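Going down the list, the sequences are from chains A and B.
If you count the first sequence from 1, you need to add 45 to reach my numbering.
If you count the second sequence from 1, you need to add 223 to reach my numbering.
Built from N, CA and C at the ideal position, the CB exists for glycine as well.
These numbers were taken from a predicted model, which means no experiment stands behind them.
Quick notes on the structure that follows.
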Amino acid sequence: MDILTIGIESSCDETSVAVVKNGREVLSNIISSQVEVHKIYGGVVPEIASRRHIEVIDYLLDEALEEAGISLEDIDVVGVTAGPGLIGSLLVGVSYAKGLAFALNKPLVGVNHIAGHISANFIEHRDLEPPLLCLVASGGHSHIVGVRDYTEFEIIGKTTDDAAGEAFDKVARILGLPYPGGPNLEKLAMGGNPYAYEFPKSYPSRRDYNFSFSGVKTAVLNLVNSLKMRQEPVPGEDIAASFQKNVVEVLIDKLINAAIDFNYDKVAIAGGVSSNKALRQKLKEEAEKAGLKFYYPAPVYCTDNAAMIACNAYYEYLRGNISDMTLNAYPHIGLKRIG
Amino acid sequence: MRILGIDTSTSVGSAAVVEDDRILGEFYIESNMTHSVKFMPMMGELLNTLDIGMEDMDAVAVTIGPGSFTGLRIGLAHAKAICHALDKPIVGINTLDALAYNMFNMRRTVCPMLDARNEQVYTAIYEDGKRVSEYMGISIHDLIHELRGRDVIISGDGARRYAEVFRDNLPDVILAPAYLMMPRASSIAMLGIEKLKAGEEDNLYKIAPFYMRKPQAERLRELRK
Ligand SMILES: [Zn+2]
Chain A
46 MDILTIGIES SCDETSVAVV KNGREVLSNI ISSQVEVHKI YGGVVPEIAS RRHIEVIDYL
106 LDEALEEAGI SLEDIDVVGV TAGPGLIGSL LVGVSYAKGL AFALNKPLVG VNHIAGHISA
166 NFIEHRDLEP PLLCLVASGG HSHIVGVRDY TEFEIIGKTT DDAAGEAFDK VARILGLPYP
226 GGPNLEKLAM GGNPYAYEFP KSYPSRRDYN FSFSGVKTAV LNLVNSLKMR QEPVPGEDIA
286 ASFQKNVVEV LIDKLINAAI DFNYDKVAIA GGVSSNKALR QKLKEEAEKA GLKFYYPAPV
346 YCTDNAAMIA CNAYYEYLRG NISDMTLNAY PHIGLKRIG
Chain B
224 MRILGIDTST SVGSAAVVED DRILGEFYIE SNMTHSVKFM PMMGELLNTL DIGMEDMDAV
284 AVTIGPGSFT GLRIGLAHAK AICHALDKPI VGINTLDALA YNMFNMRRTV CPMLDARNEQ
344 VYTAIYEDGK RVSEYMGISI HDLIHELRGR DVIISGDGAR RYAEVFRDNL PDVILAPAYL
404 MMPRASSIAM LGIEKLKAGE EDNLYKIAPF YMRKPQAERL RELRK
């Protein structure tokens with residue numbers, strides 16, 4: 046019998062509702078982005094994000110059902126992002142999902158947002174199965190995760206300071222690019238020479254799988270400041286390309302090493318930064334060289350979306366991990382299972 | 224008409240089922256636990272105890288504000304989802320109106336107020352059960368000035384917090400007793416019935432919290448301009 050899961054995502058500045066069949070077949074995935082709203086503030090304003098979520102969620106629900114060609118009574122499971130993320134934003138989705146599950150008398154599953162990002166690969170590649178090693182890189186997190194099963198994760202490495210996406214955003218700001226910084230920086234880098242500048246590669250330690258991006262960020266800042274001081278032009282394209290190359294190489298280096306050391310033959314990427322073309326291209330080459338299979342989701346499943354949440358909710362549901370009506374928002378839960 | 228009342232606008236959370244002019248049941252808690260954890264189980268328990276299902280309800284009434292921004296969104300998200308799922312009418316009730324309704328027909332000026340921090344409150348003034356002022360965001364000192372010379376009864380978490388200041392400055396002020404001090408879901412449900420009877424059902428898609436205040440980032444931005 047088919048199982049239809051509705052997914053709800055509101056952890057940051059995207060509101061999304063999706064319907065997914067049997068965990069992997071996306072019947073609809075409606076995303077409402079607030080980028081335009083937050084642009085004038087140069088970043089996400091939590092209170093504004095929360096206000097938007099509650100204004101749009103009913104519309105998104107209808108759209109998701111309509112596109113999937115089903116009605117609410119057909120839903121078997123309600124999955125919702127419960128953390129990590131912005132507390133006020135998370136609470137809108139969680140409170141809404143609880144109301145739905147209660148009224149429909151259907152099981153509720155609180156989903157970990159990072160686990161959701163990883164699950165995006167299971168949607169994209171319908172025959173992909175764990176175990177695999179996944180790099181989750183976004184504005185909020187940078188982790189190398191051992192995916193032992195659909196719901197069993199082990200953090201093998203993580204950033205010791207800024208998340209990869211955060212570093213992209215900060216460098217974008219140094220270069221005077223508007224919000225959202227990451228995608229704008231990638232665009233600028235396309236026209237630049239990645240070998241123009243050699244920024245220091247920061248590995249906290251060669252022996253583990255953690256990374257650090259504050260060093261390269263500071264190096265960019267110092268370079269830009271000294272150029273400005275000498276009243277020389279700032280070659281933004283070259284700086285962006287060189288910075289991007291640096292970050293991409295560090296991420297890939299650690300990921301490939303971890304895959305070899307922990308005996309994974311499949312590597313994947315997930316999260317907002319995983320739509321970066323330089324990262325995809327380079328990792329494809331390096332994975333091939335190392336004899337690893339490489340998986341990545343389509344860009345729509347890299348950003349925050351509810352389909353990935355529904356996917357993970359489905360597997361948690363199959364394993365009996367059902368949430369009750371005390372489900373809360375957990376802004377700093379990391380990759381831990383939602384209780 | 225049977226209606227579910229929901230309120231999570233302040234530190235109090237309450238749920239009630241009202242049938243026409245009778246309160247069938249009401250749960251009310253004020254605890255340190257957040258509404259996001261406590262409210263739905265409490266509401267479920269109320270319906271269980273009454274042996275009434277959500278589908279037996281004719282509508283849902285919910286406080287839309289003023290109040291805690293996060294609290295308002297929790298209650299409204301619950302109410303919207305329930306009404307969306309079961310295709311029930313939704314009706315939003317102003318928190319100050321609900322507080323004033325607690326002291327219906329009082330031969331005094333009724334002034335409910337909700338704490339807006341920094342010695343500010345959200346408030347309105349009521350006479351003979353009718354609102355006679357705008358909904359205001361105002362400093363307690365300006366409010367005291369406004370209320371001087373009137374026989375007034377005050378309520379709400381603003382009144383509770385600034386009770387001393389009001390007593391010191393308004394010698395005849397009466398503080399509402401504890402059981403009338405905070406919003407009650409039964410009052411919200413009662414007002415909901417009145418509104419529904421008057422044909423004032425809200426649109427599920429358009430109903431939004433009545434914040435009375437823009438987000439801080441927006442205010443700062445306007446100031447800079
Ligand atoms: Zn994300």
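Handout entry: Residues that GLU441(B) contacts on chain A, provided the C-beta gap is smaller than 9 Å
Key = Annotation: Cβ neighbours of GLU441(B) in chain A (cutoff 9 Å, chain order): TYR86, VAL90, GLU92 and ILE93.
Exercise for the section: Please indicate yes or no: does the CB of SER183(A) lie closer than 7 Å to some heavy atom of ligand 1? Expected result: Placement of the Cβ of SER183(A) at a distance of less than 7 Å from at least one heavy atom of ligand 1 is found.
Practice task
Please confirm if PRO289(B) has its CB atom under 8 Å from at least one CB of chain A.
Solution key: Interface residue (Cβ-Cβ distance to chain A less than 8 Å): PRO289(B) is not classified as such.
Practice task
Step through the CB atoms of chain A and report whether any lies within less than 8 Å of the CB of LEU385(B).
Solution key: It should be pointed out that residue 385(B) corresponds to Tyr in this sequence rather than to Leu. By this cut-off, TYR385(B) is not an interface position.
Problem - Local conformation of GLN276(A) per DSSP, three classes - result: Coil.
Exercise for the section: Could you tell me which chain B residues have their CB closer than 9 Å to the CB of PHE256(A), listed as they occur along the chain? Expected result: Neighbours of PHE256(A) on chain B: none; closest Cβ ~31 Å, over 9 Å.
Handout entry: Rounded separation between VAL64(A) and GLY138(A) - CA only
Key = Roughly 15 Å between the two C-alpha positions.
Handout entry: Neighbourhood of ALA343(A) by C-beta distance below 8 Å, restricted to the same chain and skipping five residues each side
Key = The residues are GLU169.
Problem - Any chain A beta carbon closer than 8 Å to MET263(B) - result: Judged by the 8 Å Cβ criterion, MET263(B) is in contact with chain A.
Problem - Residues near LEU403(B) in its chain [Cβ-Cβ closer than 8 Å; skip 5 each side] - result: Contacts found: ASN325, MET326 and SER378.
Practice task
Have a look at the DSSP bridge pairing and note the partners of PHE339(A).
Solution key: Secondary-structure assignment with DSSP links PHE339(A) through a beta bridge to VAL312(A).
Practice task
Can you pull the chain B residues whose beta carbon is under 7 Å from the beta carbon of ASP100(A), in chain order?
Solution key: Here residue 100(A) is Glu; the residue named in the question, Asp, does not match the sequence. For GLU100(A), the chain B residues whose Cβ falls inside 7 Å of its Cβ are ALA431, in order along the chain.
Handout entry: Cβ of TYR224(A) within 8 Å of any chain B Cβ
Key = Not an interface residue.
Practice task
Would you tell me roughly how many angstroms separate the C-alpha atoms of LYS322(A) and PRO228(A), rounded to the nearest one?
Solution key: When rounded, the distance between both Cα atoms is 10 Å.
Practice task
Identify the continuous alpha helix (DSSP H) that holds CYS306(B) and give its terminal residues.
Solution key: Membership of CYS306(B) in the alpha helix (DSSP H) is indicated by the continuous run 292 to 309.
Problem - Supposed contact pair ILE314(A) and TYR341(A) - C-beta distance, whole angstroms, cut 8 Å - result: That belief holds up - the Cβ atoms of TYR341(A) and ILE314(A) are roughly 5 Å apart, short of 8 Å.
Problem - Residue-chain proximity (ARG447(B), chain A), Cβ-Cβ < 8 Å - result: No, because no Cβ of chain A sits closer than 8 Å to the Cβ of ARG447(B).
Exercise for the section: Would you mind giving the Cβ-Cβ distance between GLY144(A) and LYS303(B), rounded to the nearest angstrom? I have them listed as a contact below 8 Å. Expected result: That pair is a contact at about 7 Å.
Practice task
Pull up the CB-CB distance for LEU178(A) and PHE339(A), whole angstroms please, since I reckon it's below 8 Å.
Solution key: That pair is no contact at about 10 Å.
Practice task
Report the three-state DSSP secondary structure of ARG245(B) (helix, strand or coil).
Solution key: Residue state, collapsed to three classes: strand.
Problem - Near ligand 1: GLY221(A) beta-carbon under 7 Å from a heavy atom - result: Not under cutoff, so the answer is no.
Handout entry: Candidates GLY236(B), ARG245(B), VAL388(B) and PRO335(B), of which the one nearest THR257(B) by Cα
Key = A check of alpha carbon separations from THR257(B) across GLY236(B), ARG245(B), VAL388(B) and PRO335(B) identifies GLY236(B) as the nearest.
Handout entry: Any 3 or more C-beta pairs closer than 8 Å across the stretch 278 to 289 of chain B and the stretch 314 to 323 of chain B
Key = Flag = yes, the stretch 278 to 289 of chain B and the stretch 314 to 323 of chain B touch.
Problem - Short CB-CB distance (under 8 Å) between THR272(B) and chain A - result: No, THR272(B) lies away from the interface with chain A (no Cβ there is under 8 Å from its Cβ).
Practice task
Output yes if chain A places a C-beta closer than 8 Å to the C-beta of SER259(B); else output no.
Solution key: Yes - at least one Cβ of chain A is within 8 Å of the one on SER259(B).
Exercise for the section: Confirm the yes/no value for this check: CB of ASP58(A), any heavy atom of ligand 1, distance under 7 Å. Expected result: For ligand 1, not one heavy atom lies less than 7 Å from the Cβ of ASP58(A).
Practice task
For HIS162(A), verify whether its CB is less than 7 Å away from any heavy atom of ligand 1.
Solution key: Yes; taking the cut-off as 7 Å, the Cβ of HIS162(A) has a heavy atom of ligand 1 nearer than that.
Exercise for the section: Taking 8 Å as the cut-off, decide whether the C-beta atoms of PRO245(A) and ALA264(A) are in contact. Expected result: In this structure, ALA264(A) lies closer than 8 Å to PRO245(A) by Cβ.
Problem - Same chain, Cβ closer than 6 Å to GLU231(A), neighbours up to 5 away in sequence not counted - result: Only ASN321 meet the Cβ criterion.
Practice task
Give the range of the alpha helix (DSSP H) segment to which LYS322(A) is assigned.
Solution key: For LYS322(A), the enclosing alpha helix (DSSP H) begins and ends at 322 to 334.
Practice task
Indicate, with yes or no, if ligand 1 has a heavy atom lying under 7 Å from the CB of ASP214(A).
Solution key: Checking the Cβ of ASP214(A) against ligand 1 gives no.
Handout entry: LYS429(B), buried or exposed, once every other Cβ within 10 Å from all chains shown has been counted against 16
Key = Residue environment analysis places LYS429(B) among the exposed positions, since fewer than 16 neighbouring C-beta atoms fall within 10 angstroms of its C-beta.
Practice task
Below 7 Å CB to CB, which residues in the same chain sit around VAL71(A) once its five sequence neighbours on both sides are set aside?
Solution key: Only ALA63, VAL65, ILE168 and ALA352 meet the Cβ criterion.
Exercise for the section: Starting from LYS143(A), find everything on chain B with Cβ-Cβ shorter than 7 Å and list it in chain order. Expected result: Residues of chain B passing the Cβ test: MET263 and HIS301.
Problem - Proximity to TYR358(B) [Cα-Cα], best of ARG447(B), GLY290(B) and TYR251(B) - result: TYR358(B) has its Cα closest to that of GLY290(B), out of ARG447(B), GLY290(B) and TYR251(B).
Exercise for the section: Tell me whether LEU324(A) is buried or exposed, calling it buried when 16 or more other Cβ atoms sit within 10 Å of its Cβ. Expected result: By the neighbour-count rule (16 or more Cβ atoms within 10 Å), LEU324(A) is buried.
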